[in-house]
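Q: Those protein sequence lines, which keep their order, are chains A and B. The working numbering puts the first residue of the first sequence at 1, with every later residue one more than the last. The working numbering puts the first residue of the second sequence at 1, with every later residue one more than the last. After the structure tokens below, expect a handful of questions from me.
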Amino acid sequence: MIDHLKDEDLLTLCAYLDGEEDESMCKAILTHLEECPACRALANTLMKTITLYRETDQCIEMSEEVRDRLYSCLDMEDLA
Amino acid sequence: MNPHQKNQTDQPSLEALKAGDREAFAKLVDMYSPMIYRLAYRMLGDAHEAEDVLQETFMNAYRHLDTFEGRSSLKTWLYRIGANQALMRLRKRTPTLVSVDEEWQTDDGTTMARELEDWCCLPEDEFMTSEVHKQLELASSQLSSALNAVFTLRDLHGMSTRETAEILDISESAVKTRLLRARLQLRELLSEYFAERVEERFGD
């Protein structure tokens with residue numbers, strides 16, 4: 001039984017969600033999340049924040065011009 | 001086919017690169033330049049500076065390939081050069097006033113005042129607007145460069161904790177704590193904005 005999630009719990013939870021810890025390490029945390037709307041909101045919005053950044057990061061594209069100038073500064077225009 | 005994506009599957013051999021094979025180096029450029037550009041853009045928030053970092057990264061790599069010992073992967077090595085170039089530029093911009101490892105916990109162990117509105121209930125179209133993109137950029141620009149670098153490498157480029165530690169020359173436990181702090185700060189900054197959207201949509 002745990003109170004609201006502390007930073008060490010969040011570290012464990014993140015490690016689990018990142019696939020670096022197995023479920024047994026954060027059973028108490030997952031049980032708490034089922035019972036506590038406030039901590040569930042924290043966990044949900046934490047994951048949503050990461051998802052939103054991942055989605056927008058895919059929109060950053062290197063243009064043809066940037067690539068051409070890179071090849072040019074490397075003296076490799078013939079291979080561009 | 002997008003020309004940026006050609007040659008992306010087969011990494012050139014280290015022997016060919018060390019022997020000064022230009023075609024092998026061009027393969028390396030095509031494989032990793034889009035990633036290095038995204039990394040620099042996310043760390044610096046500026047397209048021109050991201051391009052400068054991109055060029056510096058591959059020029060440095062070309063010059064120093066003979067000293068590359070293969071202890072890390074070529075990818076990690078390039079990221080290390082790119083991240084260092086970006087961090088050097090950031091250090092010139094503004095002095096760091098707050099220690100990156102400074103504690104910001106309250107007495108009960110929770111991290112600062114948290115906005116606990118669950119704004120995930122908003123419909124998806126609320127997240128797709130250009131205003132949201134601006135909010136995301138604004139929030140990440142408020143992170144310290146140390147936190148932003150870890151967040152970018154781990155969460156946006158999919159680097160492992162170990163690779164991130166290697167690239168930034170910090171311990172794995174520092175990667176973990178900085179990643180959590182970056183995620184929490186971003187969440188908190190975005191929550192202020194999204195809580196208002198929830199209020200607008202579902203409030204009385």
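Every residue gets a Cβ at the ideal spot worked out from N, C-alpha and C, and that includes glycine. Since this is a predicted model, take the numbers as computed values, not measurements.
Is the CB-CB distance between residue 80(B) and residue 126(B) below 9 Å?
A: What you label residue 80(B) is simply residue 80 of the second sequence in a count that begins at 1. What you label residue 126(B) is simply residue 126 of the second sequence in a count that begins at 1. No, the Cβ-Cβ distance between residue 80(B) and residue 126(B) is not below 9 Å.
Q: Identify which residue in 140(B), 148(B) and 143(B) has its Cα closest to the Cα of residue 168(B).
A: Position 168 of the second sequence holds residue 168(B). With distances taken between Cα atoms, residue 168(B) lies closest to 148(B).
Q: Determine the contact status of residue 55(B) and residue 59(A), defining contact as a CB-CB distance below 9 Å.
A: Within the second sequence, numbered from 1, the residue matching residue 55(B) stands at position 55. Within the first sequence, numbered from 1, the residue matching residue 59(A) stands at position 59. Taking 9 Å as the Cβ cut-off, residue 55(B) and residue 59(A) do not qualify as a contacting pair.
Q: Rounded to whole angstroms, what's the CA-CA distance from residue 4(A) to residue 87(B)? Just pull it up for me.
A: Within the first sequence, numbered from 1, the residue matching residue 4(A) stands at position 4. Within the second sequence, numbered from 1, the residue matching residue 87(B) stands at position 87. Those two C-alpha atoms are separated by around 36 Å.
Q: Using a threshold of 9 Å, state whether the C-beta atoms of residue 189(B) and residue 154(B) are closer than that.
A: Start at 1 with the first residue of the second sequence, and residue 189(B) comes out as number 189. Start at 1 with the first residue of the second sequence, and residue 154(B) comes out as number 154. Going by C-beta atoms, residue 189(B) is not nearer than 9 Å to residue 154(B).
Q: Checking contacts by CB at 9 Å: is residue 16(A) closer than that to chain B?
A: Taking the first sequence and counting its residues from 1, one reaches residue 16(A) at position 16. False, the Cβ-Cβ gap to chain B never drops below 9 Å.
Q: Residues of the stretch 57 to 73 of chain B with a CB closer than 7 Å to any CB of chain A: list them in chain order, please.
A: Residues passing the 7 Å Cβ filter: 58, 59 and 62.
Q: Could you have a look at residue 25(A) and say whether DSSP puts it in helix, strand or coil?
A: By 1-based counting over the first sequence, the position of residue 25(A) is 25. Of the three classes helix, strand and coil, the one that applies to residue 25(A) here is helix, per DSSP.
Q: Helix, strand or coil for residue 64(B)? Go by DSSP, reduced to three states.
A: Along the second sequence, one-based indexing puts residue 64(B) at 64. DSSP places residue 64(B) in helix when its eight states are reduced to three.
Q: Output the distance between the C-alpha atoms of residue 46(A) and residue 18(A), rounded to the nearest integer angstrom.
A: Taking the first residue of the first sequence as 1, we reach residue 46(A) at position 46. Taking the first residue of the first sequence as 1, we reach residue 18(A) at position 18. So the alpha carbons of these two residues sit roughly 13 Å apart.
Q: Flag this pair as touching only if the stretch 38 to 52 of chain B and the stretch 14 to 29 of chain B have three or more C-beta atom pairs under 8 Å; answer yes or no.
A: Touching, no, given that fewer than three Cβ pairs across the two stretches are closer than 8 Å.
Q: Going along chain A in order, which residues have a C-beta closer than 7 Å to the C-beta of residue 127(B)?
A: As a working mapping, residue 127(B) is identified with position 127 in the second sequence. Chain A residues near residue 127(B): 52.
Q: So is residue 82(B) buried or exposed if we call it buried at 16+ other beta carbons inside 10 Å?
A: By 1-based counting over the second sequence, the position of residue 82(B) is 82. Buried is the call here.
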